[in-house]
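Peer 1: One structure follows; several queries about it will come next.
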Amino acid sequence: MTAVRRALELCVFCPKMCRFACPVSEATSREAFTPWGKVSLAALSGRSPDPSAALAFGACTGCLRCQTYCAHANDVPALLYAARATAVRAGSAPGEWGEVARKMTAAGHAEQAELVEVYRRIAQEESAAAAARPAATATPTPGPTLDPTAAPTKTASHDAGRPRTSALRAVAGAVTAMLRPAVDAGRGGPTLFAGCDALAAGGSVVRDALAVARAVGAPLALAPEAALCCGLKLVEAGHPEAFAAHAARVRTALLGSSRRPAPVHLILLSPGCARAVRERWPALPDGSRVEHVTTYLSRALAARPDLRDRPPLPESAAYHDPCELARGLSELTAPRALLAASVEEVREPLRCGVDTACCGANGLLPRTLPAVAEAIADDRRRELDACGAHAVTASPACASALGAEDVVSVLARWLGVAVEQAR
Ligand code: SF4
Ligand code: SF4
152 MTAVRRALEL CVFCPKMCRF ACPVSEATSR EAFTPWGKVS LAALSGRSPD PSAALAFGAC
212 TGCLRCQTYC AHANDVPALL YAARATAVRA GSAPGEWGEV ARKMTAAGHA EQAELVEVYR
272 RIAQEESAAA AARPAATATP TPGPTLDPTA APTKTASHDA GRPRTSALRA VAGAVTAMLR
332 PAVDAGRGGP TLFAGCDALA AGGSVVRDAL AVARAVGAPL ALAPEAALCC GLKLVEAGHP
392 EAFAAHAARV RTALLGSSRR PAPVHLILLS PGCARAVRER WPALPDGSRV EHVTTYLSRA
452 LAARPDLRDR PPLPESAAYH DPCELARGLS ELTAPRALLA ASVEEVREPL RCGVDTACCG
512 ANGLLPRTLP AVAEAIADDR RRELDACGAH AVTASPACAS ALGAEDVVSV LARWLGVAVE
572 QAR
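See below:
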């Protein structure tokens, strides 16, 4: 029995232990959209799912919340992505999935926006800034122009006057420094793989990430123009073969054409892309490292004890854990450590950490079932609003869906390096 077959059968005979966990079935109240309903439909429809079954396979954001509550840790999104591929082959898939494949083939990404233009503007700004900088500042040493005790110059006015938590932040920073090794400057060339969601949102978080990394003494190079998108949306659209070809192309763009390429150190803004590159791409050279931007920056910040005395922004933040960061990459500490350093208070919504609630932005749900995706986002926005602080997250897709700020942009404001948009 294959692993997929076994997982299907576990679901079919299960008393639906994860039923309450699914944001799609919660938003729609449809039995067919529970994890059990969707997986059972995949098992029953075999190789010839009809359009309504294909739509049910699309009713999943890939949030992994069902897996948290499953005694067998069944990977429901993986089963449903395989079922979507079956629907594509059977000709019953929603048209939006074919559009993803067409756009990806033509442009190297699946967004409506012209990402290459956004990318080129950022690359030009980086080149101009590098030419204007003294040579010494390009080395990965503590930023010489940053005054650690200076008050942040750009602040939002949320909750001014809250008590200082610098002692707590100092302890958090010290613990993080002990748990995480310092940035490995000797590995050479940490590279920012911005990703399609960040570029489609205009690229401001890309600019902020580059500026913050420089300011904390861990500068990042921008990945080449051919690496706009990791290709995950092809998996979500039921096109695994096209994904494999796309991943191979982008991997070559990053590694070069040498037969024995050097290891790479990739930093991604989207946690879903970081997991896709780690787990779905062809293996990178031994010694390569792939991590989320919060993991990278928290390690860099922990290596800058002088910044612990820098006053936090006079505001509170309600932190939304992205599903792919909290459950997919098990990264709960880094974004909180970064926020603890940069704002006075971090608040947690009702569902947080590994139990975080989905924002509805992923798994192609906004294209397959846009009204459902919006209902899920509304629900999550209400939970965050109840915290009484502005929402902050650590994923460009979640930030767009929730109207939240990315933690990287909060850091940029705290460090006084937020980049004005040059459009
Ligand atoms: S994912 Fe796990 S808990 Fe949910 S229906 Fe399947 S076997 Fe049951
Ligand atoms: S991964 Fe999330 S959206 Fe998909 S079935 Fe599981 S709980 Fe529902």
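Per this note's numbering, residue 152 is the first one in the sequence shown, and the count goes up by one each step.
By construction, the Cβ of each residue, glycine as well, lies at the ideal position given by its N, Cα and C atoms.
In this text, all values refer to a predicted model and were calculated from it rather than measured experimentally.
(1) Given that a residue counts as buried once 16 or more other Cβ atoms are within 10 Å of its Cβ, and exposed if not, what is V175?
(2) Please identify the residue among A569, S203, E262, A183 whose C-alpha is closest to the C-alpha of L515.
(3) For the region 536 to 547 and the region 490 to 509, state whether three or more C-beta atom pairs, one from each stretch, are separated by less than 8 Å.
(4) Please report the distance separating the alpha-carbon of E177 from that of A512.
(5) Does F164 come out as helix, strand or coil in the three-state DSSP assignment?
(6) Please report the distance separating the alpha-carbon of V561 from that of V363.
(7) In chain order, what residues of the same chain lie with their CB nearer than 8 Å to the CB of A569, ignoring the 5 residues before and after it?
(8) Can you find a heavy atom of ligand 1 that lies under 7 Å from the Cβ of L195?
(9) Just curious, the beta strand (DSSP E) that E496 is in, first and last residue?
(10) Output the distance between the C-alpha atoms of V267 and A524, rounded to the nearest integer angstrom.
(11) Return the CA-CA distance between T519 and T212, expressed in angstroms with no decimal places.
(12) Kindly indicate the opening and closing residues of the alpha helix (DSSP H) around E576.
(13) Mapping DSSP to helix, strand and coil, what is V155?
(14) Name the DSSP bridge partner or partners of Y447?
(15) Measure the C-alpha to C-alpha separation of G504 and D226 and round it to an integer number of angstroms.
(16) If we ignore side chains and look at the alpha-carbon of each, how far apart do A453 and T446 end up?
(17) Tell me the rounded alpha-carbon separation between C381 and P186.
(18) Does the separation of the CB atoms of A234 and P200 fall below 8 Å?
(19) Distance, Cα to Cα, P391 vs R284?
Peer 2: By the coordinates alone:
(1) Buried: at least 16 other Cβ atoms inside 10 Å.
(2) E262
(3) yes
(4) 15 Å
(5) coil
(6) 10 Å
(7) Result list for A569: K305, D359, A362, S560, A563, in chain order.
(8) no
(9) Here the beta strand (DSSP E) through E496 covers 494 to 498.
(10) 27 Å
(11) Straight-line Cα distance between these residues: approximately 10 Å.
(12) The chain is shown from 152 up to 574; residue 576 falls before or after that span and cannot be answered.
(13) Three-state DSSP puts V155 in a helix.
(14) Note: Y447 sits in no beta bridge, so no partner.
(15) 19 Å
(16) About 11 Å.
(17) Each residue's alpha carbon lies about 26 Å from the other.
(18) Contact flag set, yes.
(19) 44 Å
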